[in-house]
Amino acid sequence: MDNRMARGQKGQPPPAAGPRGSRKGRGLPSQEGKRGNRLFSSSELLLLKKDLAALGGRKGARALLMLLPLFLTVALPAVYFVAISLTPVPGDGQLPRGIAALLPGSAKGLGYHQAWIEAFTTLLCPMLFLCVPLLTGAVSAACAFVVEREEGTLETLLLSPMDSKSVFHVKVACCTLLSCFISLAAFAAFFFTVTVTDLLTGAPFFLRVDWVVILFLLAPSLSLFAVVFVSLIINRVYTTGEAMQTCGYLILPVVALYLVQFTGVFRLHWVVLLALAVLLAGLSVVLYNVSA
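Start counting the sequence shown at 305; every next residue gets the next number (the working numbering).
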């Protein structure tokens, strides 16, 4: 009987094994499985750190990303504040009616110098600040995409375990986050400059609902739009300089939008700024999906 049982066990077929080359059968995690609930996988985080280090290591890009925001948010306002403070008060001591009509009601009753400082911080400083996310987003994207192609490392990067969509996702996120961080730092420097000026001259505090919408909604939308726009035209430019020239096309609509206010046609109320932020965010998402 024992011999029959032994012969029966020997005659049983071996258990079926899964396909030898199957990832699913071997339990190997995919790229999406490695990411889990996190925004970036481990390999994407490595690429993100590499891109940030590369942007910081390029002297030209680092100088642009540091000096342009300081010039727009600190140097220009400081020069204006000093110049207007030294300007003698004319006989009437009042703003032109067209400019006075664009200012909020709190500007009534201000002195000559105070009124001009209020006009500058309300009507022109938002335009200068919004140039920061556009410029930093475009410059960082030009370095992240075009310089990689010029140095021949972009093709090598596409041969890594990550697919092209993951590489694109990391580079867009890296440039957008860097642009947002620089914009916040530039606003902190601008806040200090204007606050000191308001205290010294007695001008009203500049921070209102308009600035809150600009800082937390419109500026991030512009950063994402600039990065995605540069990545979209990467196949149409051949050098980093050509990619950076697109900054002019991005800045021109913002400058025109704020300068049109002086014609008296409309004023950029916070509701209009909120609508522009939502529109730009939606357009950026569409362009992102097209580029990816």
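Think of the CB as a built atom: it goes at the ideal place given N, C-alpha and C, for glycine as much as any other residue.
The shortest CA-to-CA distance from A446 to any of L561, F509, P373 and L359 is the one to L359. Fully enclosed alpha helix (DSSP H) runs of no fewer than 4 residues occupy 401-406, 416-423, 429-445, 452-455 and 457-462 of the stretch 392-471, in order along the chain. Counting only the Cα atoms, M431 lies some 24 Å from G415. Collapsing the DSSP output to three states places Q565 in a helix. Boundaries of the alpha helix (DSSP H) harbouring V386: L380 to L390, taken from the DSSP string. Taking G402 as the centre and dropping the five residues before and after it, the same chain places the C-beta of F566 and G568 closer than 8 Å to its C-beta, in chain order. About 40 Å separates the Cβ atoms of V500 and Y592, ruling out a contact at the 8 Å cut-off. When the five nearest sequence neighbours on each side are left out, the beta carbons in the same chain lying within less than 6 Å of the beta carbon of L399 are those of A419, in order along the chain. Counting only residues of its own chain and dropping the five nearest sequence neighbours on each side, V594 has no CB closer than 6 Å to any other CB. In this structure, the alpha-carbon of P373 lies about 8 Å from that of F433. Using a C-beta cut-off of 8 Å, the stretch 489-500 makes no contact with the stretch 543-551, since fewer than three inter-stretch Cβ pairs fall below that distance.
Excluding its 5 nearest sequence neighbours in each direction, V451 has C-beta neighbours in its own chain below 7 Å: T544, listed in chain order. Taking all protein chains shown into account, H573 has fewer than 16 neighbouring C-beta atoms within 10 Å of its C-beta and is therefore exposed. If you look at V594, you'll find it in the alpha helix (DSSP H) that goes W574 to S595. Scanning its chain for C-beta atoms nearer than 6 Å, with the 5 sequence neighbours on each side dropped, one finds around V476 the residues V531, in chain order. Cβ contact annotation for F344 (same chain, cutoff 6 Å, sequence separation greater than five): none. Note on G441: 16 or more other CB atoms within 10 angstroms of its CB, so buried under the neighbour-count rule. As the crow flies, the alpha-carbon of I388 is around 45 Å from that of R540. Going by C-alpha positions, V474 is about 6 Å away from E348. Residue state for F344 is assigned as coil, using DSSP reduced to three classes.
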